[in-house]
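Reading through the C-alpha cells given below for one structure.
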Amino acid sequence: MKVSFKFLALATVASGVLIAPVRAAHWSEGMKEGDAGLKSAGPIAFGPNGILFVADTKSAAILAIDTGDNKASQAKLGKISGVDQKIAAILGTTADHILINDLAINPESHNAYLAVSRGRGPDAKPVLVRITGESQIEVVPLEKVKFSRAVLPDAPIDGVVGSGNRQSNPRQESITDIGFFEDRVLVAGLSNEEFSSTLRAIPFPFKNVANGSTVEIYHGSHGRFETRAPIRTFVPFKVGNEAQLLAAYTCTPLVQIPVNALNAGAKVKGKTVAELGNRNRPIDMIVYQKDGKDYLLMANSSRGVMKIATDQIENTSAIQSPVSDKQGLPYETIKDWTGIEQLDRLDDSRAVVLSRDANSMTLEPRALP
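FYI, in numbering that gives the first Met the number 0 the residues of the sequence shown are 0 to 368.
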C-alpha cells in the first residue's frame with residue numbers, strides 16, 4: 000500500500016511530490032544475513048539503495064530486506080497478461096490459490112515487486128516476486144538475505160474476536176500500509192490501545208521501536224469522530240511548507256495528517272479534506288505532477304480510480320459535520336482505468352498498474368492521466 004516511488008522526503012520543492020535525498024549513512028547498518036523468517040507478506044514499500052520494506056502482519060513486524068537490486072535497467076517493463084496465472088505456475092499452483100497483496104516499483108532499477116500469498120487460508124505462505132524490465136518473473140529467495148526487523152511493541156492480539164459476520168483477527172490489520180520518509184518507516188494500522196487507529200514513524204536503520212501515535216478523524220459520512228478505523232492507504236505529500244500524510248479510510252474520508260506530529264504516544268487529530276463517497280474501500284494511491292499541477296491518484300474497490308487536484312488542499316476547510324454523499328476536494332473518475340487493484344509510480348510520466356478482469360490479472364505501465 001502505496002506511496003509515489005515508495006520512499007519520500009522533502010527534496011523536491013517545486014512539486015508536492017516528495018523525493019528522498021541522498022544520505023551518507025550506511026542504510027544496511029545492523030542487518031544480518033540469513034533466513035528472513037517471513038510469516039506473511041502484506042504491504043511493501045521501497046526505501047533507498049534497493050532496500051525493500053515488507054509488512055509481516057502475522058508477526059506484527061516490518062522487515063527491511065537488502066535486495067541488492069540498485070542499478071538501473073536498460074530494458075523497459077512491458078505489459079504482462081495473465082500475470083497471476085504465470086506467477087501461480089512458477090509456484091506450482093493455480094491462480095485461484097494465490098493472492099497478490101501489494102505492488103511496489105523499485106525506483107533504482109524500475110523492476111516491479113509483488114507481495115504474494117501462496118494459499119488463501121491461515122497457512123498461506125508468503126512469497127516475494129520480482130518482475131524485471133525484460134518481463135521475466137522470478138521468486139526472490141528469502142532463505143539467505145541481508146535483513147533487519149522492527150517488531151511493533153503495541154500490536155493487537157493475534158486471534159479471532161467477535162461473532163458471526165463481525166468475526167475478525169485484529170492482528171491482520173496491525174499494518175495496513177507502509178511508506179518511507181527521509182530516515183523513517185511510516186506505518187499505518189491498528190494497535191492494542193483504546194484509540195486503536197495508529198501511525199508510527201520508526202527510525203531507520205532499525206534500533207528501538209516505540210509505541211505509535213493514535214489518530215482521531217471526523218468521518219463525515221458516518222457523522223462522528225473515529226479513533227478505531229485504520230488508515231487503508233496513505234502517501235506523504237507537501238502542503239505549503241509542511242510535510243503531511245494524505246490518508247484514506249473506508250467509506251471514504253481523505254485526511255491530512257502532519258508528519259511532525261507522529262511522536263511516540265502522541266494523540267493526533269487529522270483534518271478531513273474530502274468525503275469521496277461511502278460503500279467504498281480505498282486500495283492504493285500515488286501522487287504525481289502533470290502540466291505543472293499536483294495530483295493524487297487513488298484506486299478504489301467500488302468507485303473506480305479517482306484523480307484529485309491537490310493545489311487547494313491548504314485552503315480547504317476541515318469537514319466537521321455530517322455529509323450525505325461527497326464534500327470537500329472534488330475528483331475526476333478515470334473511466335478507462337477499470338479493475339485496478341494495485342498501482343505505483345514508475346517514473347515522471349507513467350504508473351504501473353495491476354488490473355483484474357473476469358479471467359485473469361494484467362500488469363502494465365500506463366501513462367499518468
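For glycine and all other residues, C-beta sits at the position ideal for the given N, C-alpha and C.
According to DSSP, is residue i part of a helix, a strand, or is it coil?
{"i": "Ala19", "result": "Caution applies to Ala19, whose pLDDT of 48 falls short of 50 and renders its modelled position unreliable; the model cannot decide the point."}
{"i": "Asn100", "result": "strand"}
{"i": "Asn210", "result": "coil"}
{"i": "Asn299", "result": "strand"}
{"i": "Gly291", "result": "coil"}
{"i": "Asp356", "result": "coil"}
{"i": "Ser230", "result": "The amino acid at residue 230 is misidentified as Ser; the sequence shows Ile. Looking at Ile230 - three-state DSSP - the assignment turns out to be coil, as it is neither helix nor strand."}
{"i": "Val2", "result": "Bear in mind that a pLDDT of 48 at Val2, under 50, signals an unreliable position, so the number given afterwards is only what the model happens to contain. In this structure, Val2 counts as coil in the three-state DSSP scheme."}
{"i": "Ala170", "result": "The displayed chain sequence assigns Arg, not Ala, to residue 170. Reduced to three states, the DSSP call for Arg170 is helix."}
{"i": "Ile43", "result": "strand"}
{"i": "Glu28", "result": "coil"}
{"i": "Glu313", "result": "helix"}
{"i": "Ala154", "result": "coil"}
{"i": "Pro364", "result": "strand"}
{"i": "Gly403", "result": "The shown model of the chain, from 0 to 368, leaves out residue 403, and the question about it has no answer."}
{"i": "Asp122", "result": "coil"}
{"i": "Ile339", "result": "strand"}
{"i": "Ala94", "result": "helix"}
{"i": "Gly77", "result": "coil"}
{"i": "Thr251", "result": "coil"}
{"i": "Thr332", "result": "strand"}
{"i": "Ala350", "result": "strand"}
Which residue's Cα is closest to the Cα of residue i: the options?
{"i": "Tyr217", "options": "Val254, Val184, Leu244 and Phe236", "result": "Val254"}
{"i": "Gly158", "options": "Ala149, Pro169 and Leu151", "result": "Pro169"}
{"i": "Gln135", "options": "Ala247, Lys78, Gln243 and Lys306", "result": "Lys78"}
{"i": "Phe45", "options": "Arg119, Glu32, Trp26 and Gly161", "result": "Trp26"}
{"i": "Ala123", "options": "Leu102, Asp95, Ala149 and Ala209", "result": "Asp95"}
{"i": "Leu127", "options": "Pro152, Val272 and Ile86", "result": "Ile86"}
{"i": "Phe146", "options": "Phe203, Asn262 and Asp310", "result": "Phe203"}
{"i": "Gln171", "options": "Leu345, Arg231 and Leu113", "result": "Arg231"}
What does residue i pair with, by DSSP beta-bridge criteria?
{"i": "Lys237", "result": "Ala242"}
{"i": "Val258", "result": "DSSP output for Val258 lists no bridge partner at all."}
{"i": "Gln326", "result": "Glu274"}
{"i": "Thr197", "result": "Gly188 and Thr213"}
{"i": "Ile318", "result": "Per DSSP, none; premise fails for Ile318."}
{"i": "Tyr112", "result": "Ala103 and Arg129"}
{"i": "Ala149", "result": "Ile61"}
{"i": "Gly33", "result": "Val144"}
{"i": "Ala54", "result": "Ile61"}
{"i": "Arg117", "result": "Ile97 and Lys124"}
{"i": "Asp283", "result": "Ala298"}
Residue j and residue i - do their beta-carbons sit closer together than 7 Å?
{"i": "Lys270", "j": "Ala317", "result": "yes"}
{"i": "Asp68", "j": "Asn105", "result": "yes"}
{"i": "Ile174", "j": "Thr56", "result": "yes"}
{"i": "Phe52", "j": "Val267", "result": "no"}
{"i": "Pro125", "j": "Ser39", "result": "yes"}
{"i": "Val286", "j": "Val234", "result": "yes"}
{"i": "Leu295", "j": "Ile312", "result": "no"}
Need the endpoints of the alpha helix (DSSP H) that residue i sits in, please.
{"i": "Val160", "result": "Premise fails: Val160 is in no alpha helix (DSSP H) and is neither H nor E."}
{"i": "Ala87", "result": "Val82 to Ile89"}
With hydrogens ignored, establish whether the beta-carbon of residue i is closer than 6 Å to any heavy atom of the ligand MG.
{"i": "Asp101", "result": "No copy of the ligand MG appears in this structure; indeed no ligand is present at all."}
Under DSSP, the beta strand (DSSP E) around residue i begins and ends at which residues?
{"i": "Val139", "result": "Unbroken run through Val139: none, as it is neither H nor E."}
{"i": "Asp176", "result": "Asp176 to Phe180"}
{"i": "Lys266", "result": "Lys266 to Lys268"}
{"i": "Phe437", "result": "There is no way to answer for residue 437, as the model of the chain reaches only from 0 to 368."}
{"i": "Lys306", "result": "Val304 to Ala308"}
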